[in-house]
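Student: Going letter by letter, the sequence shown gives residues 131 to 485 in the numbering used here.
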Amino acid sequence: MSKSNLFYLFCLFFLSGYITAIAQNDSLPIPKVRWEVYGDTYFAYDANDPPQQNVVHTLTHPAYHNQFSVSLAYLKASIAEEIWRATLALATGTYMATNYASEPDWARYVLEANAGVRLAGRWWLDAGVFSSFLGFESPVSADNAVYSRSFIAEATPYYEAGVRLTFLPAERWQIIASFLNGWQRIADNNRDKALSAQIQYYPAQGLTLSYATFYGNEGVNATSLWWVHNPFVYYEKDSWSLLVEGLLATARSSQQKNEAWAVNITGNYYLTEKWSINARIEHFQDENEIFYTTATPNGFVNTSWTLGAAYSPVKQVKCRLECRPFYSKDEIYLKSNTTTSNQSVLISSGISWRF
131 MSKSNLFYLF
141 CLFFLSGYIT
151 AIAQNDSLPI
161 PKVRWEVYGD
171 TYFAYDANDP
181 PQQNVVHTLT
191 HPAYHNQFSV
201 SLAYLKASIA
211 EEIWRATLAL
221 ATGTYMATNY
231 ASEPDWARYV
241 LEANAGVRLA
251 GRWWLDAGVF
261 SSFLGFESPV
271 SADNAVYSRS
281 FIAEATPYYE
291 AGVRLTFLPA
301 ERWQIIASFL
311 NGWQRIADNN
321 RDKALSAQIQ
331 YYPAQGLTLS
341 YATFYGNEGV
351 NATSLWWVHN
361 PFVYYEKDSW
371 SLLVEGLLAT
381 ARSSQQKNEA
391 WAVNITGNYY
401 LTEKWSINAR
411 IEHFQDENEI
421 FYTTATPNGF
431 VNTSWTLGAA
441 YSPVKQVKCR
451 LECRPFYSKD
461 EIYLKSNTTT
471 SNQSVLISSG
481 ISWRF
């Protein structure tokens, strides 16, 4: 057994033993389980009307063209006690089908599965499958200003598996360090493990400064060391919010060093308590195809902007409508007559609910 697997085994043994000891203490109350049910249905239409059902190939939400689909539906149970916590969420939908395609069958419905203990004061140790802190946007569309996912969100992990250490050194600071199987992997694709970390600072009410990084070997038959940087600034006040996010990545092998970068600016404004409008402009430069494979001379060099609106008749329900053009340097978008184009327009609509 490798040292990294022994480390995982030790952490899981420690967590299970700690939680068992807590459960055997009759003086402690039975923990309260918080249940959550979520669903997100959508219809998306690619103006190029491609012969395949898949929409713009960089997207996993929305994932399919010209059909009604369920993007994500999950049932979540969570416990948050003073000295321990746990979460289990099982899910289905096109988001799970596209993002978990490389996972083994038993893992393809695991949205989250983790447990943790408070080590001391402001220190927490968790192990399992978590939502990733790389990339600002969440798989849960109701939590995002814009309905479809940005290039950065789709390029970075939505989930990660391993051990996570969280430290809250002060009221306005949070530091997280993770020891992982890899880049969005529950089942590892090689014998190496990866490291990721995030530092967040809240200098004023509504303002978040964040920096996240990832370092690990993502090669299968050869070394491919990835070092990814993901900073963002997010500000929210009254009826509006603004996000400025960046991505810088290098992939180094024995023969070459490849780089990619991206920027994303997103804004949201509430017209009334129930109506809001949103916009996004972004660019992704991945000429050497670290994240997106196109098999074209210039790789993935793409600019996109988005305009959308949202309506919430009640707090638990959100209706979305969005228009998103794409402009690529190469002709990477399929058309109905099987030719290709360097442009595409995606029209998306969706309804999400959460109870």
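A virtual CB, placed ideally from N, CA and C, is assigned to each residue, including glycine.
With burial defined as no fewer than 16 other Cβ atoms inside 10 Å of the residue's Cβ, what is the status of residue 467: buried or exposed?
Tutor: Flag for residue 467 reads exposed.
Student: Pick helix, strand or coil for residue 175, following the three-state DSSP scheme.
Tutor: strand
Student: Within 10 angstroms of the Cβ of residue 167, are there 16 or more other Cβ atoms? Answer buried if so, exposed if not.
Tutor: exposed
Student: Cβ atoms of residue 365 and residue 401: under 8 Å apart, would you say?
Tutor: no
Student: Please classify residue 480 as buried or exposed, where buried requires at least 16 neighbouring CB atoms within 10 angstroms.
Tutor: buried
Student: Our contact map puts residue 279 next to residue 267 with C-beta atoms below 8 Å; I'd like the distance itself, whole angstroms only.
Tutor: 6 Å
Student: What's the gap between the Cα of residue 424 and the Cα of residue 464?
Tutor: 12 Å
Student: Might you give, ordered along the chain, the residues of its own chain that have their beta carbon closer than 6 Å to the beta carbon of residue 273, omitting 5 neighbours on each side?
Tutor: none
Student: Which parts of the region 317-398 are runs of the alpha helix (DSSP H), unbroken and 4 residues or longer, counting only runs that do not cross its ends?
Tutor: none
Student: Mind checking which residues open and close the alpha helix (DSSP H) that includes residue 407?
Tutor: From DSSP, residue 407 is part of no alpha helix (DSSP H) but of the beta strand (DSSP E) over 405-416.
Student: Touch check for the region 405-420 and the region 433-445: three-plus C-beta pairs under 8 Å?
Tutor: Taking one beta carbon from each stretch, the region 405-420 and the region 433-445 have 3 or more pairs nearer than 8 Å; the two touch.
Student: Helix, strand or coil, according to DSSP, for residue 301 in the structure here?
Tutor: coil
Student: Residue 264 and residue 342 look like a contact to me (Cβ under 8 Å); what is the Cβ gap, rounded to whole Å?
Tutor: 5 Å
Student: Among 211, 223, 282 and 195, which has the Cα closest to the Cα of residue 160?
Tutor: 211
Student: Run through the DSSP bridge pairs and tell me what residue 244 is partnered with.
Tutor: 217 and 258
Student: Would you tell me roughly how many angstroms separate the C-alpha atoms of residue 387 and residue 347, rounded to the nearest one?
Tutor: 13 Å
Student: Report the option in 169, 192, 345 and 164 whose CA atom is closest to the CA atom of residue 476.
Tutor: 192 is the residue among 169, 192, 345 and 164 whose C-alpha sits nearest the C-alpha of residue 476.
Student: What is the rounded straight-line gap between the Cα of residue 486 and the Cα of residue 357?
Tutor: What is shown of the chain runs 131 to 485, which leaves residue 486 out entirely.
Student: Under a Cβ-count criterion, where at least 16 other Cβ atoms within 10 Å of its own Cβ denotes burial, should residue 162 be classed as buried or exposed?
Tutor: exposed
Student: Alpha carbons only, please: which of 354, 253, 228 and 251 is nearest the one belonging to residue 241?
Tutor: 228
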